[in-house]
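Everything on this sheet refers to the single structure shown next.
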Amino acid sequence: MIKCLLVGLFSGVISGMGIGGGALLIPAVVFFCGFSQQEAQLVNLVYFIPTAISALFMHKKNGNIEVSVIKPLVIYGVLGAILGSFIASAIDDFILRKLFGAFIGIMGIMEILKK
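Counted the way numbering that gives the first Met the number 0 counts, the sequence shown spans residues 0 to 114.
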């Protein structure tokens with residue numbers, strides 16, 4: 000229980016700094032809290048709602064929102080989330096963990112190689 004609370008606190012701090020807390024939250028709840036990959040992704044989606052709302056208010060306050068792209072991003076984001084949730088729930092937990100690990104690894108390499 001304490002491990003899960005610390006995972007939540009740490010990922011919240013990381014998210015508040017503008018770093019993708021979900022990228023750390025998913026593996027952390029799998030390894031430290033014993034969740035399946037699908038459960039961890041569900042936790043990440045639920046966790047994302049309040050963090051996204053608080054980020055939205057801060058970005059609005061700072062004038063960082065490009066209003067013209069909001070509608071297409073929301074529409075395609077919701078469609079992608081629905082499609083992704085169906086795909087994730089249909090894939091075996093072991094394979095989903097490997098795919099997620101590969102995705103995070105590729106993203107990390109891209110960040111290292113970014114100019």
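Note that CB positions come from ideal geometry on N, CA and C, so glycine has one too.
{"Check": "Helix, strand or coil at methionine 16 according to DSSP, with G and I counted as helix", "Outcome": "coil"}
{"Check": "Local Cβ density within 10 Å of tyrosine 75, reported as buried at 16 or more and exposed below that", "Outcome": "exposed"}
{"Check": "Exposure of cysteine 14, with buried meaning 16 or more beta-carbon neighbours within 10 Å", "Outcome": "Checking the displayed sequence, the identity of residue 14 turns out to be serine instead of cysteine. The residue is buried, with at least 16 neighbouring Cβ atoms inside 10 Å."}
{"Check": "Residue environment, glycine 20, which counts as buried when at least 16 other CB atoms sit within 10 Å", "Outcome": "buried"}
{"Check": "Within 8 Å, strictly: CB atoms of valine 45 and alanine 27", "Outcome": "no"}
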